[in-house]
Every structure is written in C-alpha cells, then in structure tokens.
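For what it's worth, numbering that gives the first Met the number 0 labels the leading residue of the sequence shown as 0, then goes sequentially.
We put the beta carbon where it would ideally sit given N, CA and C, even for glycine.
Remember, it's a predicted structure, so these values are computed and weren't measured experimentally.
Okay, structure first, notes after.
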Amino acid sequence: MFAARETATDCRAEVTRDMIELMLSQFDSLSDPEGIIQLELRGNCLMVLNPETKAYEVVGLARLSPSMRKVIK
Numbered sequence: 000m001f002a003a004r005e006t007a008t009d010c011r012a013e014v015t016r017d018m019i020e021l022m023l024s025q026f027d028s029l030s031d032p033e034g035i036i037q038l039e040l041r042g043n044c045l046m047v048l049n050p051e052t053k054a055y056e057v058v059g060l061a062r063l064s065p066s067m068r069k070v071i072k
C-alpha cells in the first residue's frame, strides 16, 4: 500500500496522561453532535474548542518551552 501523499509532519504535540484524562472526562461537553472535538496547538499549548461558547479552552502544557524555562526557575 502506498500513501496518497507525502507523509510529512504537519503538527506535533506533547501530551501528558493528565491532559488526556481531562479531555476524556469532559469529552461529552466538548464534542460536537458527531462526537468530535477540535484541537489546536498554539505555541506549545494544547487547546480545545468548546462548541457551546465557541471559545478555546486550555487543555494543558506538557512542558515549558526552552525560552520559558530560562524565565521560570
């Protein structure tokens, strides 16, 4: 089987168990009528669209970026 297109990485996210458990615990309220949630990766922060408020909510941050690690010690 051949890929339909080149399989380059479009986006990469690091998630923790806590982040996955948070999404699972709130999945019904965060999913659309088809049972799908919309995620965005902004910087290194994972966000999910709340379909009722149309606002993005922070799911979490797996680790600080290198620049933030220098600021927060």
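Give me, in chain order, the residues of the same chain whose beta-carbon lies closer than 7 Å to that of Asn-43; leave out the 5 immediate sequence neighbours on both sides.
Within its own chain, the residues whose Cβ lies closer than 7 Å to the Cβ of Asn-43, once the five positions on either side in sequence are excluded, are Leu-60, Ser-64, listed in chain order.
Cβ of Glu-39 less than 8 Å from any chain D Cβ?
Absence of chain D from the displayed structure is noted, only one protein chain being present.
Go through its chain and collect everything with a Cβ distance to Ile-71's Cβ below 8 Å, but skip five positions before and after it.
Leaving aside the five residues that flank Ile-71 on each side, the residues in its chain whose CB is nearer than 8 Å to its CB run, in chain order, Leu-63.
Same chain, Cβ closer than 7 Å to Glu-13, five either side skipped, listed in chain order
So the list reads Ala-61, Arg-62, once near-sequence residues are dropped.
Span separating the alpha-carbon of Ala-54 from that of Leu-48:
Cα-Cα distance, rounded: 6 Å.
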